[in-house]
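Scroll down for the structure; my scribbles are underneath it.
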Amino acid sequence: MQKQSPIEKAIYKHARNTFEMDLRLFTQMIKNSHGILDSEFTVRDIELIYKKAKDKAFKKLTLSMVETALKLIAEKKVVTKKSVFDAVLESAENIDDLSP
Numbered sequence: 002m003q004k005q006s007p008i009e010k011a012i013y014k015h016a017r018n019t020f021e022m023d024l025r026l027f028t029q030m031i032k033n034s035h036g037i038l039d040s041e042f043t044v045r046d047i048e049l050i051y052k053k054a055k056d057k058a059f060k061k062l063t064l065s066m067v068e069t070a071l072k073l074i075a076e077k078k079v080v081t082k083k084s085v086f087d088a089v090l091e092s093a094e095n096i097d098d099l100s101p
C-alpha cells in the first residue's frame, strides 16, 4: 500500500477512518479547521463547494474530491491551498484515533 501524505491522513481521521465524506462530515471538518469559516466564508459556501466538488455518480466525496474541495475553498477565500490544508491538518490533531 502506498504511503499516505499528511493531508490524506488528516482527511482519513476527519472522515472517521475512511476516505469518503458526506456533507455533514465535510462541514464538521471545515468548521473545526481554525480560520476557514468566517463572516465572508459561511456554511452555505461549504455546501456549495461540496456540491461542486462531488461527482454526481457518487453519494459522498472521495479523497480526491475532498482535496479538490479544499482547493476550491482556497480559491473562494483567496488564500493559498497550503493555508487551508494546514488548518485541516491542525484540526485533525485534535481527533482521537478511532482505529481498533
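Residue numbers for the sequence shown follow our numbering, beginning at 2 and rising by one. Beta carbons: idealized from backbone N, C-alpha and C, even for Gly. For clarity, every value in this text was computed on a predicted model and none was experimentally measured.
DSSP places Lys-82 inside the alpha helix (DSSP H), whose first and last residues are 82-93.
The stretch 41-83 contains, as complete alpha helix (DSSP H) runs of 4+ residues, the segments 44-54, 64-78 (chain order). Apart from sequence neighbours up to five positions away, the residues of its chain that approach Phe-86 with a beta-carbon distance below 7 Å are Ile-8, Leu-71, ordered along the chain. The C-alpha of Glu-41 is placed about 30 Å away from the C-alpha of Asp-97.
The C-beta of Glu-94 has fewer than 16 other C-beta atoms within 10 Å across all chains shown, which makes the residue exposed. For Gly-36, same chain residues with a beta-carbon under 8 Å away, outside a window of 5 residues either side, are Ser-84, Ala-88 in chain order. Per the coordinates, the alpha-carbon of Arg-45 lies some 26 Å from the alpha-carbon of Asn-18.
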